[in-house]
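Q: Attaching a single structure in structure tokens format; questions to follow.
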Amino acid sequence: MGTLPPFSRRRALPARKRAAPPAAGLLDELLSRRIIFVAGKGGTGKTTVAAALCLLGAKHGKEVLGIEVEPKGDLSAALGSNGAGFKPEVVQPGVSVLALHAEESFQEYLRLYFKVPRLARLTPLSRVFDFIATAVPGPRDMLVTGKIAFEERRRDEDRRPAWDLIVVDCSASGHILAQLRAARSMLELVRGGLIRSQIEWIDGVISDSRRTTAVLTSLPEEMPVVETIELQRDLARQRTVNVGLCVLNRMPPEPLPGPARKVLADLATADAEVRAKVPGVAHIGADLELGERLYRAAEAQSRHLRAEMSVPVVDVPLMAHRPGLATSRAVAAALRDGNGAGT
Ligand SMILES: Nc1ncnc2c1ncn2[C@@H]1O[C@H](COP(=O)(O)OP(=O)(O)O)[C@@H](O)[C@H]1O
Ligand SMILES: [Mg+2]
2 MGTLPPFSRR RALPARKRAA PPAAGLLDEL LSRRIIFVAG KGGTGKTTVA AALCLLGAKH
62 GKEVLGIEVE PKGDLSAALG SNGAGFKPEV VQPGVSVLAL HAEESFQEYL RLYFKVPRLA
122 RLTPLSRVFD FIATAVPGPR DMLVTGKIAF EERRRDEDRR PAWDLIVVDC SASGHILAQL
182 RAARSMLELV RGGLIRSQIE WIDGVISDSR RTTAVLTSLP EEMPVVETIE LQRDLARQRT
242 VNVGLCVLNR MPPEPLPGPA RKVLADLATA DAEVRAKVPG VAHIGADLEL GERLYRAAEA
302 QSRHLRAEMS VPVVDVPLMA HRPGLATSRA VAAALRDGNG AGT
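With positions in the sequence shown counted from 1, the corresponding number in my numbering is that position plus 1.
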């Protein structure tokens, strides 16, 4: 992977904020889990943060598997590769990715757990499984956690775990709750036997807070903040996965102090020649004011989020990098350096 680029665009924080707990400790703690679910509203940076955690895990010497749950997940793109299949593929040193498409997942699930041979899966018996898979929402959702739990248990020939860390780029907020709860719901339907013990095992892996944790991604905007608070509450209520960290992504840069903005604006507009050459330079004062207002609005959302979250909130600044590996690396560096660490 090479070294992560240094991240220095953000100005040093005031002493009050720097006294917050170092993010390195938070990160070590997070990466010591076996499974990290990255969940949140669409567009808040789930895929990017999942990719960043994959890179950080590999940097810690771990063999990492990234799992893409959404059909159009772009985790492999965020890790500099073009498209993942159902079989894990190496995308970066120490990082593999697999795309979890429910159909293939279901086939493997039948083969591994219920020892249903391929032929049988094509006969009318398969209609029964089709029914299970399509008619009842629980089992299909459970395939997601089933496959993740299976990968957690996968061993090499020498009995070592195949993956030290599994990072799951989850579906958008609403659906992930159903997926995480699926095994629990199935337990209410299945009374005994092999299927029950498999489901119990899957639920056990997912809800074991020593092994599994969730990272919630949010943006410093009203709706994403409200949804993040709701997601934390819903996850706590359903008691499947413990939330370990919240990432407040795309924080705008801190504005310059007022007097500095004025000096800049005056400098830029004092000279008639400059005004003639640089279209729009006359607006620089207004642009700097706008930057200040956007930052204050983001800060208010950040305060709201921090007041309601029961886990540390780490800021990740808005980056100017290209989408893809460059942004993932920059976000990894921001998480590692923890410029906005902890509340
Ligand atoms: N901190 C950031 N700064 C700038 N762009 C970002 C940042 N985090 C994510 N992005 C970009 O925002 C877009 C949405 O992020 P993504 O990780 O795909 O969100 P999600 O998976 O939650 O839908 C992507 O183009 C991504 O490259
Ligand atoms: Mg995504």
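Don't be surprised by glycine CBs; every beta carbon is placed ideally from N, CA and C.
Check whether the region 41 to 54 and the region 221 to 232 touch, using three or more Cβ-Cβ pairs below 8 Å as the test.
A: yes
Q: At a cut-off of 6 Å, is LYS60 close to ligand 2 when judged by its beta-carbon and the heavy atoms of the ligand?
A: no
Q: Comparing alpha-carbon positions, which option in PHE151, MET187 and LEU181 lies nearest ILE167?
A: Here the closest residue by C-alpha is PHE151.
Q: Hey, how far is the Cα of ALA85 from the Cα of LEU268?
A: 52 Å
Q: Three-state secondary structure (DSSP) at PHE87?
A: In this structure, PHE87 counts as coil in the three-state DSSP scheme.
Q: Rounding to the nearest angstrom, what Cα-Cα distance links THR49 and THR328 in this structure?
A: Spanning the alpha carbons of THR49 and THR328 requires a straight line of approximately 7 Å.
Q: What number of angstroms, rounded off, separates the C-alpha of ILE230 from the C-alpha of VAL96?
A: 31 Å
Q: Just list the beta strand (DSSP E) runs in the region 200 to 268, keeping only unbroken ones of 3 residues or longer that don't cross its boundaries, in chain order.
A: The qualifying runs are 213 to 219 and 244 to 252.
Q: Any idea if LEU217 is buried or exposed, counting beta-carbon neighbours within 10 angstroms, 16 or more meaning buried?
A: buried
Q: For ASN243, tell me which candidate among LYS63, ARG182 and LEU220 has the shortest Cα-Cα distance.
A: ARG182
Q: Measuring only the C-alpha atoms, how far is PRO72 from ALA173?
A: 12 Å
Q: Determine the DSSP secondary structure at GLY339, reduced to helix, strand or coil.
A: coil
Q: Does the separation of the CB atoms of GLU153 and VAL98 fall below 7 Å?
A: Pairing GLU153 with VAL98 gives a Cβ-Cβ distance that is not under 7 Å.
Q: Identify, in the order they occur along the chain, each residue of the same chain with its Cβ nearer than 7 Å to the Cβ of VAL314, setting aside the five sequence neighbours on each side.
A: CYS247, LEU249, LEU306, ARG307 and THR344
Q: Once DSSP output is grouped into helix, strand and coil, what is the label at SER311?
A: coil
Q: Give the straight-line distance between the Cα atoms of GLY175 and ALA51, rounded to the nearest whole angstrom.
A: So the two alpha carbons sit approximately 18 Å from each other.
Q: How about ALA100 and ALA215: are their beta carbons less than 7 Å apart?
A: no
Q: As an exercise, report each continuous beta strand (DSSP E) stretch of at least 3 residues that is fully enclosed by the region 18 to 79, in chain order.
A: 36 to 41 and 65 to 69
Q: Since ALA277 is in the alpha helix (DSSP H), which residue starts that stretch and which ends it?
A: 273 to 278
Q: Taking the Cβ atom as the reference point for each residue, do LEU265 and GLY81 lie within a distance shorter than 7 Å?
A: no
Q: Quick check on the burial criterion: 16 or more other C-beta atoms within 10 angstroms. Buried or exposed for ASP159?
A: exposed
Q: Can you tell me whether SER77 is buried or exposed, with buried defined as 16 or more other CB within 10 angstroms of its CB?
A: Per the 10 Å Cβ criterion, buried.
Q: Report the rounded CA-to-CA distance for ARG276 versus LEU291, giving the unit in angstroms.
A: 20 Å
Q: Tell me whether LYS278, by its Cβ, gets closer than 6 Å to a heavy atom of ligand 2.
A: Every heavy atom of ligand 2 is 6 Å or more from the Cβ of LYS278, so no.
Q: Please list, in chain order, all residues of the same chain as PRO221 whose beta carbon is under 8 Å from its beta carbon, the five residues on each side excluded.
A: Cβ neighbours of PRO221 beyond the five flanking positions: LEU249, ARG251, MET252, PRO253, ALA298, ALA299, GLU300, GLN302, SER303 and LEU306.
Q: Look up PRO94 in the DSSP assignment and give the residues it is bridged to.
A: Answer is none; PRO94 lacks a bridge partner.
Q: At what residues does the beta strand (DSSP E) containing ASP165 begin and finish?
A: Run containing ASP165: none; DSSP gives neither H nor E here.
Q: Do the CB positions of ALA261 and THR270 come within less than 7 Å of each other?
A: no
Q: Roughly how many whole angstroms lie between the Cα atoms of VAL92 and LYS263?
A: Whole-angstrom Cα-Cα distance: 48 Å.
Q: Among all the DSSP beta bridges, which residues are the ones paired with LEU306?
A: According to DSSP, LEU306 bridges with nothing at all.
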